[in-house]
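What follows is one structure encoded as structure tokens, with my remarks underneath.
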DNA sequence: CTGAAAGCGCTTACAG
DNA sequence: CTGAAAGCGCTTACAG
């Protein structure tokens with residue numbers, strides 16, 4: 010680690026060459042008004058010639074900016090720790106950028122209580138953040154909130170679920186349809202001519218249904234595209250209590266059943282696994298998300314494939330995207346679909362969510 | 010974005026409270042000698058009380074440090090563009106940290122020419138870098154080089170392949186054995202009782218063989234562990250020319266063959282795919298790496314699974330690890346096994362290598 | 001063992 | 001339209 014050569018650099022050198030003060034150079038660099046066209050041109054030419062790029066650290070230091078990023082996502086519930094992962098990613102990213110004066114303002118809502126979304130959204134708006142990370146689970150409530158955010162010009166990143174026609178700064182999350190197709194492909198590898206399939210949509214709340222629907226559509230599309238005509242039955246389960254689930258499920262597994270595979274369209278696959286295991290049914294089970302219970306099912310071979318879309322990375326990228334946007338570092342993609350990862354018993358140990 | 014409150018912070022505030030100059034505070038912060046035990050204690054107490062952490066940007070700015078990271082990896086060859094990915098990752102990471110005065114010193118060697126490794130290694134050492142990223146493909150040559158690097162105290166990160174007992178600052182790469190097990194699991198899903206399997210190790214050079222061997226071992230281990238006794242035949246192919254490959258391969262696919270699956274232990278799976286396709290053999294094909302030719306085989310359904318270990322991320326993490334080490338930001342893991350990703354026709358579009 | 005001063009490269013009032 | 005000066009939080013000689 011040696012010192013740089015001590016010649017003049019940066020604004021000073023530009024100022025020297027242009028025969029102006031560094032203040033004027035600064036004005037040109039930031040396109041501020043109050044500079045004659047002539048000096049502006051001269052200075053820009055020198056900047057060009059020198060290939061000058063401003064020193065971010067010096068700039069940040071002098072500005073003493075402190076920017077607040079607000080986060081509004083579901084809280085992790087006892088039923089599922091899914092939302093701990095995006096939060097982890099948000100915190101990791103924050104650790105990397107907080108030295109630039111970025112602070113977080115975290116808000117969590119209850120996925121079972123719409124009112125909690127409204128309340129946190131309201132609180133959040135009071136603080137006038139410089140950027141927002143939103144998981145828009147409730148469509149109507151989100152739409153109302155989004156319009157307010159837009160009105161105040163706060164840049165916004167959606168994670169985990171998109172809402173059409175809202176055009177946030179960026180959407181970072183899964184392509185649900187495609188993940189359904191992937192599930193279908195995995196199952197298709199091991200499908201005999203007589204085998205049937207079950208699609209299980211489990212959700213107490215109706216408002217999340219369209220997500221599950223997208224996955225199911227992708228799933229069915231795959232077989233259509235490949236002219237595979239095995240029978241597929243859909244099961245919509247609203248009562249997800251253990252015994253209700255068990256009786257519903259068993260009704261579809263009669264003595265002489267031909268069901269070879271079950272596709273559970275969300276992270277509740279472990280509940281299905283338990284029942285299938287209990288009754289010793291020999292089926293291939295595919296579901297979603299790298300959760301503790303699900304990993305356990307992978308280990309004991311009751312779930313065979315988990316599809317996962319890097320929830321942690323979604324949180325990480327959301328912060329980084331806002332950082333890049335607010336500090337003018339690099340460009341921002343309007344849509345970032347996460348890779349669709351396949352997790353099995355043999356590769357989950359190295360997976361990092 | 011508002012200004013911070015204008016109270017004193019950092020070294021100045023500490024100095025004020027301790028009734029010393031900021032110079033003395035600086036000495037204590039960096040454990041430099043020349044401070045009485047008494048003042049040291051007093052200052053440390055205040056630092057503790059304030060929960061002070063130094064401002065990295067200010068520190069970096071004042072230091073004007075420029076640190077050089079040397080990179081020694083294979084060059085991408087016409088046969089395979091694999092090594093473009095780690096390089097991509099290295100460049101992305103560099104873009105993120107170059108504002109901190111980090112520069113790269115890139116060196117590439119030819120995987121078919123050991124002498125090229127020696128030569129580049131020699132050149133690299135002349136420049137006395139502050140850190141090194143090494144892909145140690147040739148074991149003996151690497152060992153020699155590593156001992157020199159160690160002697161000069163340069164911190165070193167291995168990527169893509171490990172060398173036992175060298176204890177670099179960090180190894181970032183795959184667990185080959187485990188990836189072989191994963192390949193076995195994928196194949197096992199679709200294996201009938203009479204089905205046989207083929208393991209194909211393709212390599213002109215002997216020195217890379219132990220890598221392929223590790224994968225094969227993992228592959229075989231899986232079946233042992235699960236008491237699956239389908240026949241597995243190994244094919245070691247040194248002459249990888251198209252026609253030689255074809256005739257060797259065909260010898261193992263007689264008219265009444267029972268070979269259901271072929272596991273190619275490296276990225277040359279597309280060469281096998283071509284032959285299998287040409288002769289209309291109906292087998293499941295599993296291989297390695299997210300390369301253009303391989304993706305094409307995924308698309309036309311001649312290769313079914315590609316196993317991939319994020320070469321780009323390996324490069325990215327290598328730079329970040331050295332950065333963290335040299336700038337004392339965060340901790341460094343001695344071994345970082347990459348996730349073992351499964352790529353199929355239905356998820357490769359969102360994969361980012 | 002300690003302090004005062006200059007400086008890193010940029011930004012921000014303020015003065016003219 | 002332009003310049004001179006102070007300052008961001010830290011580091012580095014240098015002086016004592």
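Chains as they are written, first to last, in the working numbering: chain A, 10 to 362; chain B, 10 to 362. Note that the Cβ used here is the ideal one computed from N, Cα and C, for glycine as well.
Please list, in chain order, the chain B residues whose beta carbon lies closer than 7 angstroms to that of residue i.
i, result
"residue 22 of chain A", "Within 7 angstroms Cβ-Cβ: nothing; residue 22 of chain A doesn't reach chain B, min ~15 angstroms."
"residue 354 of chain A", "194"
Work out the CA separation of residue j and residue i for me, nearest whole Å.
i, j, result
"residue 185 of chain A", "residue 89 of chain A", "19 angstroms"
"residue 304 of chain B", "residue 297 of chain A", "25 angstroms"
"residue 223 of chain A", "residue 183 of chain A", "11 angstroms"
"residue 348 of chain A", "residue 326 of chain A", "13 angstroms"
"residue 5 of chain A", "residue 346 of chain A", "What the structure shows of chain A is the stretch from 10 to 362, and residue 5 of chain A is not part of that stretch, so it cannot be assessed."
"residue 338 of chain A", "residue 332 of chain A", "8 angstroms"
"residue 359 of chain B", "residue 143 of chain A", "22 angstroms"
"residue 262 of chain B", "residue 154 of chain B", "45 angstroms"
"residue 22 of chain B", "residue 30 of chain B", "10 angstroms"
"residue 318 of chain A", "residue 107 of chain B", "30 angstroms"
"residue 86 of chain A", "residue 146 of chain A", "15 angstroms"
"residue 355 of chain B", "residue 110 of chain B", "42 angstroms"
"residue 343 of chain A", "residue 159 of chain A", "16 angstroms"
"residue 67 of chain A", "residue 69 of chain B", "9 angstroms"
"residue 99 of chain A", "residue 328 of chain A", "6 angstroms"
"residue 265 of chain A", "residue 175 of chain B", "59 angstroms"
"residue 152 of chain B", "residue 133 of chain A", "57 angstroms"
"residue 120 of chain A", "residue 150 of chain A", "12 angstroms"
"residue 131 of chain B", "residue 84 of chain B", "17 angstroms"
"residue 172 of chain A", "residue 315 of chain A", "25 angstroms"
Quick one: using the 10 Å Cβ neighbour count with 16 as the cut-off for buried, is residue i buried or exposed?
i, result
"residue 95 of chain B", "buried"
"residue 78 of chain A", "buried"
"residue 213 of chain B", "exposed"
"residue 28 of chain A", "exposed"
"residue 40 of chain A", "exposed"
"residue 10 of chain A", "Confidence at residue 10 of chain A is low in this model, with a pLDDT of 41, below 50, so the placement of that residue should be treated as unreliable; the coordinate-derived value is given next. Result: exposed."
"residue 37 of chain A", "buried"
"residue 122 of chain B", "exposed"
"residue 33 of chain A", "buried"
"residue 103 of chain A", "buried"
"residue 307 of chain B", "buried"
"residue 15 of chain B", "Because the pLDDT of residue 15 of chain B is 40, which lies under 50, any placement of that residue in the model is unreliable, and the question is left without a value."
By Cβ distance, which residues of its chain are closer than 8 angstroms to residue i, with the 5 residues on each side in sequence left out?
i, result
"residue 235 of chain A", "197"
"residue 190 of chain A", "227, 228, 230, 231"
"residue 280 of chain A", "211, 249, 251, 254"
"residue 341 of chain B", "178, 179, 330, 333, 334"
Report all residues from its chain with a CB closer than 6 angstroms to the CB of residue i; omit the five preceding and five following residues, and keep chain order.
i, result
"residue 115 of chain B", "80"
"residue 18 of chain B", "none"
"residue 361 of chain A", "none"
"residue 302 of chain A", "279"
Restricting to Cα atoms, I'd like to know which of the options is closest to residue i.
i, options, result
"residue 299 of chain A", "A/351, A/253, A/292, A/254", "A/351"
"residue 267 of chain B", "B/301, B/206, B/294", "B/206"
"residue 55 of chain A", "A/33, A/43, A/26", "A/26"
"residue 239 of chain A", "A/259, A/270, A/265, A/58", "A/270"
"residue 194 of chain B", "A/83, A/131, A/18, A/353", "A/353"
"residue 167 of chain A", "A/187, A/140, A/192, A/188", "A/140"
"residue 288 of chain B", "B/157, B/276, B/258", "B/258"
"residue 181 of chain A", "A/322, A/37, A/123", "A/322"
"residue 243 of chain A", "A/233, A/273, A/112, A/83", "A/273"
"residue 161 of chain A", "A/136, A/208, A/172", "A/136"
"residue 312 of chain B", "B/320, B/277, B/130, B/336", "B/277"
"residue 192 of chain B", "B/310, B/43, B/295, B/307", "B/295"
"residue 1 of chain B", "B/293, B/164, B/208, B/316", "Only positions 10 to 362 of chain B appear in the structure, and residue 1 of chain B is not among them; the question remains open."
"residue 91 of chain A", "A/310, A/275, A/204", "A/275"
"residue 203 of chain B", "B/286, B/172, B/324, B/237", "B/237"
So with CB distances below 8 angstroms, who are the chain B contacts of residue i?
i, result
"residue 185 of chain A", "Residues of chain B passing the Cβ test: none, with the nearest at roughly 12 angstroms."
Beta-carbon within less than 7 angstroms of residue i's beta-carbon, same chain only, minus the 5 sequence neighbours each way: which residues are those?
i, result
"residue 220 of chain B", "170, 185"
"residue 12 of chain B", "With a pLDDT of 38 at residue 12 of chain B, under the threshold of 50, the modelled position of that residue is not reliable, and no figure is offered here."
At 8 angstroms on the CB atoms, spell out the chain A contacts of residue i, in chain order.
i, result
"residue 191 of chain B", "353, 355, 356"
"residue 348 of chain B", "350, 356, 359, 360, 361"
"residue 199 of chain B", "198, 199"
"residue 108 of chain B", "64, 65, 66"
Run down chain A in chain order and give the residues with a C-beta less than 7 angstroms from the C-beta of residue i.
i, result
"residue 67 of chain B", "70"
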